[in-house]
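*Asks:*
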Amino acid sequence: MSDYIPQEIEPKWQAKWDADGLYHADIDESRPKHYALTMLPYPSGDLHIGHWYAMTPSDARARFMRMNGYNVMLPIGFDSFGLPAENAAIREGIHPMKRTYENIERMRGQLRSMGAMWDWRREAVSCDPEYYKWTQWFFIQLYQRGLAYRKMSPVDFCPHCNTTLAREQVWGEDRHCERCETPVIKKDLAQWFFKTTAYADELLNYEGMDWPDRVKVLQTNWIGRSVGAEVSFQVISDQSSVTNKLITDNCSLITVFTTRPDTLWGATFMVLSPEHPLVDKVTTPEHKAEVEAYKAQAARQSDIDREAADKEKTGVFTGGYAINPVNGGKIPVWIADYVLMTYGTGAIMAVPAHDQRDFEFARKYGIEVRVVIQPDDMDALDGATMPASVPAHGTMVNSGPLTGTSADEAFHAAIKYVTEKGFGKGSINYKLRDWLISRQRYWGAPIPMIHCEKCGWNPVPEAELPVLLPEDVAWKPTGESPLKLHPTWKQAKCPVCGGEAERETDTMDTFMCSSWYHLRYLSPHYDQAPFDPKEYNYWMPVDTYTGGIEHANMHLIYTRFFHKALRDMGITEGPEPMMQLRNQGMVLGEDHEKMSKSRGNVVAPDELVERYGADAVRAYLMFFARWDMGAPWNSSGIDGTVRWLRRTWTMVLDSDDSSRRTPAANCSDETKRILRRRLHQMLKRVTRDFKQFEFNTIVSSLMELLNEMTKAKEAGAYGTPEWNEAVDIYLRMLAPVSPHIAEELWYRTGRGEPSGKDKAASSNDKARPYKSIHNQPWPAVDEDAAREDEIVIPVQVNGKLRDRITVALDATEEQIQSAALASDAVKKFMEGKAPKKVIYVKGKMVSVVV
RNA sequence: GCCGGAGUGGCGGAACUGGCAGACGCGCACGACUCAAACUCGUGUACCCGCAAGGGUAUGAGGGUUCAAGUCCCUCCUUCGGCACCA
53 MSDYIPQEIE PKWQAKWDAD GLYHADIDES RPKHYALTML PYPSGDLHIG
103 HWYAMTPSDA RARFMRMNGY NVMLPIGFDS FGLPAENAAI REGIHPMKRT
153 YENIERMRGQ LRSMGAMWDW RREAVSCDPE YYKWTQWFFI QLYQRGLAYR
203 KMSPVDFCPH CNTTLAREQV WGEDRHCERC ETPVIKKDLA QWFFKTTAYA
253 DELLNYEGMD WPDRVKVLQT NWIGRSVGAE VSFQVISDQS SVTNKLITDN
303 CSLITVFTTR PDTLWGATFM VLSPEHPLVD KVTTPEHKAE VEAYKAQAAR
353 QSDIDREAAD KEKTGVFTGG YAINPVNGGK IPVWIADYVL MTYGTGAIMA
403 VPAHDQRDFE FARKYGIEVR VVIQPDDMDA LDGATMPASV PAHGTMVNSG
453 PLTGTSADEA FHAAIKYVTE KGFGKGSINY KLRDWLISRQ RYWGAPIPMI
503 HCEKCGWNPV PEAELPVLLP EDVAWKPTGE SPLKLHPTWK QAKCPVCGGE
553 AERETDTMDT FMCSSWYHLR YLSPHYDQAP FDPKEYNYWM PVDTYTGGIE
603 HANMHLIYTR FFHKALRDMG ITEGPEPMMQ LRNQGMVLGE DHEKMSKSRG
653 NVVAPDELVE RYGADAVRAY LMFFARWDMG APWNSSGIDG TVRWLRRTWT
703 MVLDSDDSSR RTPAANCSDE TKRILRRRLH QMLKRVTRDF KQFEFNTIVS
753 SLMELLNEMT KAKEAGAYGT PEWNEAVDIY LRMLAPVSPH IAEELWYRTG
803 RGEPSGKDKA ASSNDKARPY KSIHNQPWPA VDEDAAREDE IVIPVQVNGK
853 LRDRITVALD ATEEQIQSAA LASDAVKKFM EGKAPKKVIY VKGKMVSVVV
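Residue 655 in this note's numbering sits at position 603 of the first sequence, and the numbers go up by one each step.
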C-alpha cells in the first residue's frame, strides 16, 4: 500500500476530469435540471479562505444533486469591473484591464485547485466587451421602459473613492462608504437612477421563495413599507386676518404623510423640512431672516450631524399658519431639520400628545399639546401638564366624529373621513429609494447615453454597442470620471439629429453587472442577445443560490428588481430569478477578529492546499463550523480532517492480514449485521444533512462510519460482501466532500473499471471508458438494514434517569413497562411505593411517577 | 430605541415533532512503538463528592408549563449583525 499523497492525486484527477469534460453541463431534456449558483468573485488577485468557505460546500451540494440524478450546472465567472483595479492604476500606473486579467488568470488556477465541478466553458467576465455590451443594452431597455432616468439631486459621495454611491452602499451610524469606510459627503449632481421603487410592493412578496427568514426580514425592513394617509393642509394667506381667508391655488396646500391619520385632531402644528419648496411661500416677511439663517445652517450640516437621533430638536417658526382641515384649527407652520425631504412629502403634521419627537419640540417652543387618545389604563390626560407623549392606543377623545371609538377603528375611519371630505386619501410610503447607478470612474461599463443640445438625452443606437472604454486614459483622483478628461472619447453624433453631441462620461455601478450574470452564464459568447433563449428555457430559474448575507440589501434586491423589470419587458419569465437561497457565515481569524491584512490574521488557502491537499481543506471547511454561522479559524483543527482522510486511505487499501485481525472466514454474522446497520443509518443521516445544507454533521457522520468500519475490519469483515458494500457507499458519500481521494480510492479498488460489454469493446487501456465515481448514483438507504433489532429504553423515576433497559424491537408496551418496574435501580428509587403513573413513549422512554 | 441571530466542557460544535445533554473533531493526560522525538496506534477526558460501586450538579441568569425542558412560555443579561429623527 502506498501513502496518501494529495499533492500527486489531486492535479492528476483535475486534469483527467477536465480532459473528459466530466462537468460539462449541457441541455438534456431527459433529466431534471439543477442550476446551482454561487456569488461570483471579484478578481482581487487572491482567492481567500472566505471564497473557499462559500464555494466548496456549494460545490459539494451541487455534486450531491448530480449524484441524485439531476443535470447540474455550476458556472463560475468574475465580477471584474470596480474600483480596486482603478485605484491601483492611479497608485502604480498599471492599466486596470491588464491588472484585472492577470488577477483573473491567477484566480482561475486557484479555483481549479479546489477540484470543484465548474463548467469552465460557461465562464463569464463582466469587464469583457462581449459581456458589457449587454449590460449597456439592458440599461437602454430600462431607459426605454421609463425605469432609468436622470435627475439632479443631493447624492452620497465618497471622497476617497471619488465617486457617488447608492444609498445601499452607505453604511453605519457615521454613514461611511461600504468599500473603504470613509464617511461620505453630500453633493448636488445630475445622476442616473433606476426606478427600484416601482417594484417596492412586489419585492415584499416572497411567495414560493425558499430564502432564509433573516434575509427576508432585512429586505422587508430596508424597503420599509408604511401604511397611512396623505392629508392636505391649506396655508392661510392673510396672516393677520381674523376671517382666515384661504388661498385657493393648489400651490399653497401643504401635503403631509402620516401613519396615524386617527390623530389628525391632535395636530397642533406643522413642520416642513428646511428644503421644502413651500418654505419661502409660507414664511412671513418678519420671519424671513431667521428662516433663511436656519436653512443655511441645515444645508451646511452633514447628514451625520443632522440625522443623529439623540440630538436636541431645533427649528424656527415661519410666521405662517395653516388650517387643520378636520377641525378648522389655525396651526403654526415651522421648519425643522428633523423632518427629511427624502421621506414622505417632506412635511409633517405634528401631534405632540402622541409622538415623542413632536412632544419635545412642542414643549421646547411652547406649542399646544392636545390629547386625542386616552389610553385605557391611564388617568385622564392633560395636554398642558403631561410629562411625555403617550402611546397612541386607547379611546379617541376630542376628535369630532371619531370621539369614543377605539384608535384602531379610528385609523380606518379617519382615512374614510378625509377621503370623503376631499382633503386626503389613504397612502403608502417606502423607505426604499431609487437605485443611483452613476459612478464617476473609469473601470466600469460606460452608460450608453448621448446628450445633444437640441435633442436632449438619447440612447446610443443598438448597432453601435458596446460603447467601448478607451484604453489611453490618464488616471487622476479628481472626482471626475477620467472619461470626461479624455480629449476625444466623449465626442459623438446625436443619434436623433446627427449633430455634435456628447457622451455620458459616467460608468455604471458594478452591481448592474452582477444583476444579470446568472443569465450570461447560460451562453457567455452568444452575440444575438444577452442570452440564448434555448438555454434560458432549460436552465432558469436558478435553483440554489449561495453567498454571503452582506448582499441582502444590495445585490439581492437589485437582482430581484432586475428580473422583474425584465419580466415586464418580456425578456425573462417567472416571478423570481433565484428560488432557493442559502447564506454561509464568515470565517474569522484565529484571534476571533475579522480577517484583514492589517491585523495579520489572514489564512492563506494556497498554503493549506499545498500542505494538506484540497480534499482536507474542503472537508475541514465543511466540518469545523455550522455553515450558516461561520466561526473563528483554528489551525490545529485541520489535523483532524487530515488524519481522517489518511485513515480512510488505510482502511480502504490496507489488506495486510499479518496483524491481529480476525480472518474473513471467521467473521461473525453479528459483526456483518452491525456493519450494515451502521452503514445505512449513516447513509440516511448524510443524505438528510446534504438536503439541509448541514455540512458539519455530514463529515462527522463519515468519521463515525470510518470508526465503525475500522472496528468491523478488525473483527474480520474485510473482504466480505458486506465490507465491499460499505466501502462502496462510504466512497460515494465521500465523493462530494473530498472528490479527489474518493475518485482515487474508487479507481484503486477497481470500481472505476468498465464492466462487461465496455471492457470487451476496447482492449486499449487508454481508450477504455473510465467510470468516474462522480458519475455514480447516490446510494439508496436499506431501511430494513438500518433498523435496530433491540432498543435501549431509558427509565426515569420522578423525572430523573435511573436505568436503561434493553428490549426487543417488537416488545409490547406491557413487556417494557414490567421490565422497567423490575429493574433494581428503578425499584431502589421507588422506595417501595406503588407507581402513581407510568408513562411510555413508544420506543423512546419510560417515565415512572410515584 | 427598533428588528433579527447567537449564548451548551479548555476549544469548534452535536443533540432535526419536548424524551438518554456533550456525537464527531481539536486540545490535554496516560500507555504502546522509538535510543529519543515526531508520526501512528490504544485508553481516558463536563464539573463536584467518592478508592470504587454509586450519587449529586450542570446547556447565559431567574421564574413558569410538563411525568420529562438545551428545545415551549415569561422577565432579564451578554454578544454579533442590520436599521435608525422614516412622520
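All C-beta atoms in this analysis are idealised placements derived from N, C-alpha and C, irrespective of residue type, glycine included. Fair warning: this is a prediction, and the values are worked out from it, not measured in the lab.
1. Could you have a look at Gln543 and say whether DSSP puts it in helix, strand or coil?
2. Quick check: what's the CA-CA separation for Met631 versus Ala200?
3. Would you mind reading off the limits of the alpha helix (DSSP H) that contains Asp72?
4. Please report the distance separating the alpha-carbon of Cys549 from that of Gln196.
5. With a Cβ-Cβ cutoff of 7 angstroms, do Tyr597 and Leu633 count as a contact?
6. Helix, strand or coil, according to DSSP, for Cys504 in the structure here?
7. According to DSSP, simplified to helix, strand and coil, what is Glu230?
8. With a CB to CB cut of under 7 angstroms and the five nearest residues on each side skipped, what residues in its chain are close to Phe369?
9. Along the alpha helix (DSSP H) that carries Ala874, what are the first and last residues, could you check?
10. Taking just the CA atoms, how far does Tyr892 sit from Thr611?
11. Regarding Trp591 and the ligand GTP, is the C-beta to nearest heavy atom distance less than 6 angstroms?
12. Only counting runs of 4 or more residues, tell me where the alpha helix (DSSP H) segments fall wholly within the stretch 162-243, in order along the chain.
13. Which two residues bound the contiguous alpha helix (DSSP H) that contains Trp104?
14. From Pro313, Glu327 and Thr864, pick the residue whose C-alpha is nearest to that of Gln349; which is it?
15. Threshold first: 3 residues or longer. Then list the beta strand (DSSP E) segments lying entirely within the stretch 575-639, N to C.
16. For Arg678, I'd like the list of residues in its chain whose CB is within less than 8 angstroms of its CB, leaving aside the five on either flank, ordered along the chain.
17. Could you tell me which residues DSSP pairs with Gly478 in its beta bridges?
18. Measure from the alpha carbon of Phe321 to the alpha carbon of each residue in Arg160, Asp407 and Gly224, then state which is nearest.
19. Give a yes or no on contact between the stretch 60-70 and the stretch 530-545, applying the rule of three or more CB pairs nearer than 8 angstroms.
20. Mark Leu660 as exposed unless 16 or more other C-beta atoms lie within 10 angstroms of its C-beta, in which case mark it buried.
21. Which complete beta strand (DSSP E) runs does the stretch 665-700 hold, if anything under 3 residues is left out?
22. Whose C-alpha, out of Ala778, Glu866, Asn827 and Lys879, is nearest the C-alpha of Ala838?
23. What's the C-alpha gap between Tyr497 and Gly161?
24. Rounded C-beta distance between Met882 and Val849? I'm assuming under 8 angstroms.
25. Drop a sphere of 10 angstroms on the beta-carbon of Ile868, count the other beta-carbons inside from all chains shown, and report buried for 16 or more, exposed for fewer.
26. Can you give the beta carbon distance from Val859 to Glu840, rounded, assuming they're within the 8 angstroms contact cut?
27. Since Ser752 is in the beta strand (DSSP E), which residue starts that stretch and which ends it?
28. Going by DSSP, what residues sit across from Ser899 in a beta bridge?
29. On the premise that Gly198 lies in contact with Asn155, defined as a C-beta separation below 8 angstroms, what is that separation, rounded to the nearest angstrom?
30. Buried or exposed for Met606, going by 16 or more other Cβ atoms inside 10 Å?
31. In the DSSP assignment, find the alpha helix (DSSP H) that holds Tyr75 and state where it starts and stops.
32. What's the C-alpha gap between Arg409 and Ser458?
33. Give me, in chain order, the residues of the same chain whose beta-carbon lies closer than 8 angstroms to that of Thr108; leave out the 5 immediate sequence neighbours on both sides.
34. Quick one: any contact between the stretch 478-491 and the stretch 175-188, if contact means 3 or more CB pairs under 8 angstroms?
35. As a quick exercise: from Pro715, Arg699, Ala656 and Arg725, pick the residue whose alpha carbon is nearest that of Ser687.
36. Note down, in chain order, each residue of its chain lying with its Cβ closer than 8 angstroms to the Cβ of Ile146, except the 5 sequence neighbours on either side.
*Replies:* In brief:
1. strand
2. 27 angstroms
3. Pro58 to Asp72
4. 18 angstroms
5. yes
6. strand
7. coil
8. His339, Pro384 and Trp386
9. Glu865 to Ala874
10. 53 angstroms
11. As for the ligand GTP, it is missing from this structure, which has no ligand bound.
12. 181-196
13. Ile101 to Met119
14. Glu327
15. 594-600 and 630-636
16. Gly637, Glu746 and Asn748
17. Ala281
18. Asp407
19. no
20. buried
21. 682-684
22. Ala778
23. Before going further, note that residue 497 is Ala rather than Tyr in the sequence given. Those two C-alpha atoms are separated by around 26 angstroms.
24. 6 angstroms
25. buried
26. Not really, about 11 angstroms apart at Cβ, beyond 8 angstroms.
27. From DSSP, Ser752 is part of no beta strand (DSSP E) but of the alpha helix (DSSP H) over Phe747 to Glu766.
28. Gln848 and Ile891
29. That pair is no contact at about 38 angstroms.
30. buried
31. Premise fails: Tyr75 is in no alpha helix (DSSP H) and is neither H nor E.
32. 23 angstroms
33. Met166, Ala168, Val669, Arg670, Leu673 and Met674
34. no
35. Ala656
36. Ala140
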